[in-house]
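Protein chains in written order, with my numbering: chain A, 38 to 369; chain B, 38 to 369.
There are 2 protein chains.
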Amino acid sequence: MSKAKGLDETKIDKIAKSHMPALGIDLGGTNIRAAAVRDNEIITETERIPTPDGRDNIIEGILELISKFQKDVLVGVGIATAGIVNGDTGEIIGSTGNLPGWSGTPLKQVLEAKLGIPVHVENDANAAGYAEARIEALKRKRCVVTVTLGTGIGGGIVMHGRLFRGANWAAGEVGHIKIALDNKRLCTCGLFDCWEAYGAGRGVIQTAQELLEGVTEAQSPLAKNVDEITTYEIFDAGDAGDIMAQKIVNRWHEHISHGLVNIAHILNPDCFVITGGLSENIDFRLLEDMVADRSLPRVGESIEIRQSALQGQAGIIGAAQFVSDEFLSTRK
Amino acid sequence: MSKAKGLDETKIDKIAKSHMPALGIDLGGTNIRAAAVRDNEIITETERIPTPDGRDNIIEGILELISKFQKDVLVGVGIATAGIVNGDTGEIIGSTGNLPGWSGTPLKQVLEAKLGIPVHVENDANAAGYAEARIEALKRKRCVVTVTLGTGIGGGIVMHGRLFRGANWAAGEVGHIKIALDNKRLCTCGLFDCWEAYGAGRGVIQTAQELLEGVTEAQSPLAKNVDEITTYEIFDAGDAGDIMAQKIVNRWHEHISHGLVNIAHILNPDCFVITGGLSENIDFRLLEDMVADRSLPRVGESIEIRQSALQGQAGIIGAAQFVSDEFLSTRK
Chain A
38 MSKAKGLDET KIDKIAKSHM PALGIDLGGT NIRAAAVRDN EIITETERIP
88 TPDGRDNIIE GILELISKFQ KDVLVGVGIA TAGIVNGDTG EIIGSTGNLP
138 GWSGTPLKQV LEAKLGIPVH VENDANAAGY AEARIEALKR KRCVVTVTLG
188 TGIGGGIVMH GRLFRGANWA AGEVGHIKIA LDNKRLCTCG LFDCWEAYGA
238 GRGVIQTAQE LLEGVTEAQS PLAKNVDEIT TYEIFDAGDA GDIMAQKIVN
288 RWHEHISHGL VNIAHILNPD CFVITGGLSE NIDFRLLEDM VADRSLPRVG
338 ESIEIRQSAL QGQAGIIGAA QFVSDEFLST RK
Chain B
38 MSKAKGLDET KIDKIAKSHM PALGIDLGGT NIRAAAVRDN EIITETERIP
88 TPDGRDNIIE GILELISKFQ KDVLVGVGIA TAGIVNGDTG EIIGSTGNLP
138 GWSGTPLKQV LEAKLGIPVH VENDANAAGY AEARIEALKR KRCVVTVTLG
188 TGIGGGIVMH GRLFRGANWA AGEVGHIKIA LDNKRLCTCG LFDCWEAYGA
238 GRGVIQTAQE LLEGVTEAQS PLAKNVDEIT TYEIFDAGDA GDIMAQKIVN
288 RWHEHISHGL VNIAHILNPD CFVITGGLSE NIDFRLLEDM VADRSLPRVG
338 ESIEIRQSAL QGQAGIIGAA QFVSDEFLST RK
């Protein structure tokens with residue numbers, strides 16, 4: 038009897054916490070953005086500041102952003118950052134060109150000491166993948182791989198709703214799978230023929246420069262300024278009907294399909310989500326056909342390829358949502 | 038008091054069962070082998086019969102083999118087979134060239150009806166990977182990928198001790214990741230530039246034929262009969278000091294490393310186990326150097342590449358062990 042009468046404080050605490058938002062922060066090379074998140078959705082305005090130089094200034098910037106959400110009662114803070122992150126300790130363990138000096142930062146420890154609430158730090162592609170795989174339409178998928186196409190290529194692998202991080206926190210570094218033999222293209226990482234040397238922004242430009250060799254301006258206006266050609270010019274020319282540009286864009290789709298095919302034959306996912314700045318230029322029907330064409334039937338037939346539903350918000354949402362989920366799962 | 042006095046039948050049952058062997062059966066294109074397995078080790082003689090033609094004859098053959106173990110009290114039967122297998126229903130859902138007509142066989146259902154004990158059917162590369170990852174030396178690894186090099190290339194992915202099968206039971210079809218651009222080599226599966234078109238037996242031969250073009254018999258004895266060259270001749274010539282053969286073998290190592298690098302950047306495993314007929318010809322130090330050379334530091338530094346500890350026994354052991362583990366996990 039006494040049990041039934043007493044309040045189950047733990048349960049009430051859990052219910053209350055499940056309705057509290059978490060703060061999501063996306064730390065990029067250009068700016069830092071923050072917003073409160075509940076149920077995989079942003080529920081406040083997004084605040085942003087330009088990314089400062091140096092470790093201490095970045096941490097100051099993050100704290101400044103967090104202070105703007107003082108009025109919100111937060112369950113915790115999730116941070117999506119470039120670089121490889123130890124998901125247990127929240128330390129940045131792999132450097133990234135965009136954030137010099139960031140490697141080695143014990144970010145979770147520093148912030149938790151100042152804030153007194155749980156902080157989770159996650160690689161940005163992982164955070165984005167976590168959010169994308171949690172949208173309603175994908176909740177029944179078994180394995181969702183989110184591929185971010187931008188200045189590089191990143192990946193986030195979610196199996197049965199859980200992030201897969203690998204033995205050394207570096208799973209999903211899909212930009213550096215090798216898609217060609219014989220050292221054809223040097224990647225910014227120093228390795229040859231990485232997927233991102235073909236599929237990311239720089240890759241599209243290099244493909245254009247190769248295919249435009251010997252092409253005259255009369256044949257394609259793109260030939261005018263090959264050395265300083267941009268991805269915008271290429272995609273715009275393709276949309277405007279330039280056949281050379283369309284050939285470049287088609288070749289780019291082949292390169293993208295090549296990497297997806299490799300992931301597919303290893304993981305056999307039932308969904309790829311494509312996101313990042315370049316994803317808007319993808320012809321999804323063409324890409325799906327190419328992947329099916331280059332896959333074993335059993336592997337190819339089960340894959341849906343989707344455009345991101347969350348786009349630039351995915352990092353903020355995923356990092357915050359991860360904190361909410363972690364918090365609740367440890368307080369059953 | 039009464040509780041402490043009574044026997045915990047479930048617990049006793051579990052202890053008894055954990056000491057009972059399971060029967061492991063490896064169904065290959067050439068023969069079917071069977072042995073009893075306990076604690077990831079074969080504890081009886083291995084019985085074998087040549088693989089008969091046709092679905093019904095194969096099933097008869099399997100039953101004949103099982104009858105030879107009637108004296109053993111078995112916890113169940115595990116079968117490792119080529120082809121893609123639905124691990125829940127035990128149905129062969131993907132065909133394989135070596136066992137025509139095998140696809141569509143509801144093997145688990147047929148055998149359980151006849152035997153009255155649990156049967157588990159598993160893809161052979163998965164079964165082998167499961168056994169390899171369970172050896173004492175690898176028990177603390179987080180992600181072990183076993184790669185079988187033979188007439189084809191197969192893969193078995195074990196994460197934190199559990200097999201990963203993908204969304205459609207086809208995870209680990211690593212032989213069909215694409216390692217080259219531009220449709221250079223046709224694979225037996227009908228796709229171009231699959232890893233196994235370079236790394237499996239046929240691939241080594243094609244590499245030899247390409248590299249030996251224009252080479253005279255005076256330069257290399259291998260040039261004598263290029264059209265009918267075998268992998269044995271190539272590896273033997275390499276061991277005997279033939280420089281052309283060594284070049285072919287080195288190139289083969291590059292091809293192998295290429296596929297491993299792709300798996301590594303997706304899964305970030307801490308161990309690769311290399312098995313199968315061709316694995317004896319691997320120079321493991323060279324291969325480890327090549328993989329490290331072609332990987333991001335964080336990915337490459339954590340990978341151990343090992344020769345199989347179980348070799349041809351791994352399929353039998355893995356299939357049987359899986360039954361034991363499943364059986365015990367469902368009877369807690």
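By construction, the Cβ of each residue, glycine as well, lies at the ideal position given by its N, Cα and C atoms.
The model shown is predicted, which means the values in this text are computed figures rather than measured ones.
Which chain B residues sit within Cβ distance under 9 Å of residue i?
i        : result
Ile216/A : Lys215, Ile216, Ala217, Leu218, Asn299
Ile293/A : Ordered by position in chain B, no residue passes the 9 Å Cβ test against Ile293/A, which lies about 12 Å from the chain.
With C-beta atoms as the reference, is residue i less than 8 Å away from residue j?
i        : j        : result
Asp307/A : Ser345/A : no
Gly188/B : Val310/B : According to the sequence shown, residue 188/B is Thr rather than Gly. No, the pair does not count as a contact, with Cβ atoms beyond the cut-off.
Ala356/B : Ala164/B : yes
Gly302/B : Val336/B : Checking the sequence shown, residue 302/B turns out to be His, not Gly. Yes. Within cutoff.
Gly212/B : Ile194/B : no
Val114/A : Ile69/A  : no
Glu210/A : Leu333/B : yes
Gly354/B : Leu365/B : The sequence given here has Ile at residue 354/B, not Gly. It is not a contact, given that the beta carbons lie outside the stated cut-off.
Lys370/B : Leu248/B : Past the boundaries of the shown model lies residue 370/B; chain B is included only from 38 to 369, so the question cannot be answered.
Phe359/A : His157/A : yes
Ile342/A : Glu325/A : yes
Glu78/B  : Lys105/B : no
Ile216/A : Leu218/B : yes
Trp206/B : Ile130/B : yes
Leu136/B : Ala162/B : no
Ile121/B : Leu64/B  : no
Any idea what DSSP makes of residue i, helix, strand or coil?
i        : result
Asn318/B : helix
Val328/B : helix
Leu218/B : coil
Leu347/B : coil
Thr268/B : helix
Val195/A : strand
Gly166/A : helix
Arg75/A  : strand
Leu136/B : coil
Phe309/B : strand
Ile340/A : coil
Ala174/B : helix
Val15/A  : Since the first and last residues shown for chain A are 38 and 369, residue 15/A lies out of range.
Thr225/A : coil
Glu247/A : helix
Arg70/B  : strand
Ala208/B : coil
Leu333/A : coil
Pro258/A : helix
Closer than 9 Å by beta-carbon distance: list the chain A residues that pair up with residue i, in chain order.
i        : result
Pro258/B : Chain A residues near Pro258/B: none, gap ~27 Å exceeds 9 Å.
Glu149/B : Simply none; closest approach about 24 Å.
Determine, for residue i, whether the minimum Cβ-Cβ distance to residues of chain A falls below 8 Å.
i        : result
Gly193/B : no
Ala119/B : no
His302/B : yes
Ala208/B : yes
Taking C-beta pairs closer than 7 Å, name the residues in chain A that residue i reaches, listed in chain order.
i        : result
Arg179/B : Ala204
Going along chain B in order, which residues have a C-beta closer than 7 Å to the C-beta of residue i?
i        : result
Leu228/A : Arg331
Does the beta carbon of residue i sit closer than 8 Å to a beta carbon anywhere in chain B?
i        : result
Asp307/A : yes
Gly131/A : yes
Ala162/A : no
Arg368/A : Residue confidence is low: Arg368/A scores 47 on pLDDT, short of 50, so the model does not pin down where it sits. Its coordinate-derived value is still stated next. It does not: the Cβ of Arg368/A has no partner Cβ on chain B nearer than 8 Å.
Glu233/A : no
Glu363/A : no
Ala282/A : no
Show which residues of chain A have a CB atom less than 8 Å away from the CB atom of residue i.
i        : result
Glu247/B : Residues of chain A passing the Cβ test: none, with the nearest at roughly 12 Å.
Which chain B residues are close to residue i, counting only those with a beta carbon under 8 Å from its beta carbon?
i        : result
Val211/A : His302, Ile303
So is the beta-carbon of residue i under 7 Å away from any non-hydrogen atom of the ligand PLP?
i        : result
Ser345/B : The ligand PLP is not part of the structure shown, which contains no ligands of any sort.
Where the segment 328-345 of chain A meets chain B: residues whose CB sits under 9 Å from a CB there: Asp330, Arg331, Ser332, Leu333, Pro334, Arg335, Val336, Glu338, Ser339, Ile340
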